[in-house]
Amino acid sequence: MGIYGRKTTHYRNIIVDQPIAEKYLKGAANIEVADSAVTANEDYWKNTRPDSLTTAEKAVYKMVDTIKTLPVYRRTSDLIYGIVTGYMIAGPLEIGPVYSLYSFNNLEGNRFRFGMRTSNNFSKRIEFSAYGAYGMRDREWKYFGGVRYMIAKAPRQVVGGSYRHDIELLGLANTSTIQLNVLASIGRRRPLDQLLLTTNATVYYEREWFSGFLNKITLSRKEWMPGLFQFNRINPDNSTTPVSQFTTTEATLMTYFAFDEKYVNGEFDRTSLGTRYPRITLTATIGFKNLLGGSFDYQQLKLQIDDRFRYNPFGYTDFKLEAGMTFGSVPYPLLNIQTGNETYGYSSYYFNMTNFNEFATDRYVRLFATHHFDGLFLNKIPLLRKLKWREVATFKGVIGSLSEKNRNGVYQLPTGMYDLAGKPYMEVGVGVENIFKFLRIDALWRLTQLNHPDIPKFGIRAAIQIGL
């Protein structure tokens with residue numbers, strides 16, 4: 020059972036024996052589909068098609084149009100959309116994410132959140148989003164409001180802004196979807212208590228120059244306030260003074276390049292179909308002291324390379340290589356805090372055998388590598404071959420250090436945060452993916468930095484991962 024597709028392409032107005040302008044020979048050979056292609060009426064297509072549709076083709080169009088009007092199709096489509104995105108469509112609005120309606124943590128206790136955003140039925144150019152959240156323990160409201168406007172889709176141009184007052188986890192700014200949801204709350208192996216309260220105002224402009232090459236400029240002002248712990252500034256005599264908050268004012272330029280990358284485009288978001296070439300992301304950030312209340316001057320650089328290597332018939336390897344460096348003296352929340360994982364869920368780009376905030380660096384190089392064997396071994400076993408389970412192996416490692424000016428010069432490091440000091444952290448794992456087409460289970464071992472208290476040295480982790 021499968022799906023078969025047929026494509027017919029007609030070429031008209033062909034020009035030969037004439038030079039081609041150089042601008043058409045540069046860059047990737049991508050076909051850009053006009054926005055009007057999916058909105059043109061039937062009269063347009065009757066006049067544009069070089070040949071009329073066959074009876075069978077007309078029947079296919081009628082069948083598809085009829086299916087889209089059936090209530091069961093609309094309900095199923097909305098349900099799948101809700102599972103994938105977390106949002107449920109309600110006319111001009113989308114309610115969600117449903118996974119974040121309830122969660123719990125040590126700072127807020129029971130947390131209730133209600134959010135929404137405008138749907139494509141409201142506008143295909145502008146999107147508004149907002150949420151409100153309330154913690155039963157701290158009895159404080161958190162809130163968010165954002166807007167983004169699609170200037171153009173080809174080439175892509177987006178402008179937007181947001182204002183957010185909420186808690187977040189050190190090293191993980193996007194905790195709203197990563198940690199503040201019911202699944203992460205239930206699946207934690209340690210209480211979630213390393214939380215900050217932040218107020219962040221942000222504006223950005225994103226411009227794609229051609230398919231696969233874009234820039235994004237972001238300006239932000241952020242206030243940082245401790246949650247269940249406190250910031251302790253180190254004085255010249257090595258004594259400490261509690262600090263109630265500090266402020267950062269930043270400008271960030273992100274450059275992304277992925278030659279010949281293809282996308283499936285929605286009205287605002289899009290999904291990459293990949294490319295045969297490496298994907299390169301360079302991010303440069305400048306912090307300004309005394310600008311809009313900024314407390315520190317600093318600069319940060321981060322380079323990230325993603326790629327896939329194939330070794331037929333031995334499967335393929337996905338890897339992410341990342342290097343970063345911080346210039347200047349900054350408090351530890353602004354350092355490169357290596358992303359740990361304190362849940363029983365598996366994460367491809369976190370260190371699953373480390374605690375949150377276990378390692379802080381101001382210079383580092385790390386590698387995430389996953390090899391998919393594509394059934395090289397399990398296909399030899401008749402029952403497992405029929406189930407289409409697939410073997411997978413992982414390696415994750417980081418090496419880096421923390422300079423003296425950031426280790427003992429600004430804010431005192433909290434308990435449980437360490438300097439790698441040039442010694443690598445490494446973990447490995449083996450697992451099985453494509454279980455029932457959606458489940459992955461890994462067995463993981465921590466290889467180094469084994470002397471820290473309250474750390475896992477071996478663990479079983481699971482993830483929802485759609486397979487074929």
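For what it's worth, my numbering labels the leading residue of the sequence shown as 20, then goes sequentially.
For each residue, glycine too, the CB sits at the ideal point set by N, CA and C.
1. In three-state terms, what does DSSP make of residue 55?
2. DSSP has residue 368 in a bridge; who is on the other side?
3. When the Cα atoms are used, what is the spatial distance from residue 252 to residue 164?
4. Can you give the Cα-Cα distance for residue 195 and residue 259, rounded to whole angstroms?
5. Which of the three DSSP states is assigned to residue 347 in this structure?
6. For my contact list, residue 409 and residue 393 are in at a C-beta cut-off of 8 Å; report their separation, rounded to the angstrom.
7. May I ask you to verify whether the region 275-283 touches the region 136-149, counting CB pairs closer than 8 Å and requiring at least 3?
8. Where do the N-terminal and C-terminal ends of the alpha helix (DSSP H) with residue 86 fall, by residue?
9. Assign residue 417 to buried or exposed, taking buried as 16 or more other Cβ atoms, counted over all protein chains shown, within 10 Å of its Cβ.
10. Mind checking who residue 60 pairs with in its DSSP beta bridge?
11. Report the residue ranges of all beta strand (DSSP E) runs contained in full by the region 434-478; include only those spanning at least 3 residues, in chain order.
12. According to DSSP, is residue 124 helix, strand or coil?
13. Based on the DSSP secondary-structure assignment, which residues constitute the bridge partners of residue 416?
14. Cα separation between residue 19 and residue 29?
15. Roughly how many whole angstroms lie between the Cα atoms of residue 297 and residue 73?
16. Provide the residue span of the beta strand (DSSP E) that contains residue 148, from first to last.
17. Can you look up residue 28 in the DSSP assignment and give me helix, strand or coil?
18. Could you tell me which residues DSSP pairs with residue 261 in its beta bridges?
19. If you run the structure through DSSP and keep just helix, strand and coil, what is residue 373?
20. Compute the Euclidean distance between the alpha carbons of residue 412 and residue 389, then round it to the nearest angstrom.
21. Are the CB atoms of residue 336 and residue 191 within a distance shorter than 8 Å?
22. Report yes if the C-beta distance between residue 494 and residue 484 is below 8 Å; otherwise report no.
23. Along the chain, where does the alpha helix (DSSP H) containing residue 204 start, and where does it finish?
24. Decide if residue 32 is buried, meaning its Cβ has at least 16 other Cβ atoms within 10 Å, or exposed.
Based on what the coordinates show:
1. In the three-state reduction of the DSSP assignment, residue 55 falls in the helix class.
2. For residue 368, which the question treats as bridged, DSSP gives no partner whatsoever.
3. Taking the straight line from one Cα to the other gives about 32 Å.
4. Per-residue confidence for residue 195 stands at a pLDDT of 49, beneath the threshold of 50, marking its modelled position as unreliable; the derived number appears in the next sentence. Answer to the nearest angstrom: the Cα atoms are 32 Å apart.
5. Residue 347 sits in coil when the DSSP states are folded into three classes, being neither helix nor strand.
6. Right, their Cβ atoms sit about 6 Å apart.
7. Touching, no.
8. For residue 86, the enclosing alpha helix (DSSP H) starts and ends at 74-88.
9. In summary, residue 417 is buried, with 16 or more beta-carbon neighbours lying within 10 Å of its beta-carbon over all protein chains present.
10. Per the DSSP secondary-structure output, residue 60 pairs with nothing in a beta bridge.
11. If only uninterrupted beta strand (DSSP E) runs of at least 3 residues are considered, those enclosed by the region 434-478 are 444-454 and 458-465.
12. Of the three classes helix, strand and coil, the one that applies to residue 124 here is strand, per DSSP.
13. Residue pairing by DSSP puts residue 416 in a beta bridge opposite 386 and 445.
14. Because residue 19 is not part of the residues shown, which for the chain are 20 to 487, the question remains open.
15. If I take the Cα positions, the gap works out to 43 Å.
16. In the DSSP assignment, residue 148 falls within the unbroken beta strand (DSSP E) covering 145-154.
17. Coil at residue 28, not helix or strand.
18. According to DSSP, which records beta bridges pairwise, residue 261 is partnered with 251.
19. Here residue 373 sits in coil by DSSP.
20. Rounded to whole angstroms, the separation of the alpha carbons of residue 389 and residue 412 is 6 Å.
21. No, the Cβ-Cβ distance between residue 191 and residue 336 is not below 8 Å.
22. Outside the displayed span of the chain (20 to 487) sits residue 494, for which this structure offers no information.
23. It spans 201-205 - the alpha helix (DSSP H) in which residue 204 sits, taken as one unbroken run.
24. Exposed is the call here.
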